[in-house]
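Residue numbers for the sequence shown, in the numbering used here: 2 to 141.
Yeah, the Cβ is synthetic: ideal placement off N, Cα and C, and Gly gets one too.
A quick note: this is a predicted structure, and the numbers were derived from the prediction, not measured.
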Amino acid sequence: MKVTVEQLQDIIREVPFASLLGIRILEVGKGSCRAVLPYDPRLLQYYGLVHGGVIASVADTMVYMAQATLNGITHNTVTTHLSVTYLGTAGQNDLYTEATILKNGRRLISGMAEITDTTGRQIAHVTATYMRLDAPVRQP
C-alpha cells in the first residue's frame, strides 16, 4: 500500500485544525514523512515566537502521517503519549518536521519527530505513541 504526498495533504485539508496550521507535506517514505509549517504570525505567542502548542500539534500530526505510510490512511489510531522537548525558540521562520516510525506494533505504534527552522537549528525533539483502534476511520 503506497501512500502519496497528495493523499496526506488531502487529510490535512479535511481536518479543520490541521488545515488551520497550514502544514504542507513535502515527501513521504516507508514509515517517514517530511513537512514544512510556513511562518504565519497567527501562530505566535505573546512574545513573537511560535506557540509551543503549535509545535506539539505539528509533531503529533506528522508522526501520525508517518504511521499512515505503513498502515494506510483508513487505519484508525489515537495518540496515547506525546513528549515534547523544546530545544530552541522558533521565531519568524518556516519550521521543518521529519517524522519517523520506530516501532509499528500490533497494538501500539511508536515514533519520533525532529523539528528544525530554516537555518537547520533544532527547535524540538518529540516522541509519540499511538494505539490502534479496531474501527476503521471514515473512507476517503
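- Scanning the segment 29-65 for uninterrupted beta strand (DSSP E) segments of 3 residues or longer gives 33-38, listed from N- to C-terminal end.
- Of S84, G112 and H126, the smallest CA-CA separation from T70 is found for G112.
- DSSP, read as helix, strand or coil, puts L71 in helix.
- Membership of R133 in the beta strand (DSSP E) is indicated by the continuous run Q123 to R133.
- Per DSSP, D118 lies in no alpha helix (DSSP H); the unbroken beta strand (DSSP E) holding it starts and ends at L109 to D118.
- In the DSSP assignment, L88 falls outside any beta strand (DSSP E) and carries neither an H nor an E.
- Cα atoms of G121 and A114: separation of roughly 14 Å, rounded to the nearest angstrom.
- When DSSP reads this structure, E99 sits in a beta bridge with R35 and E115.
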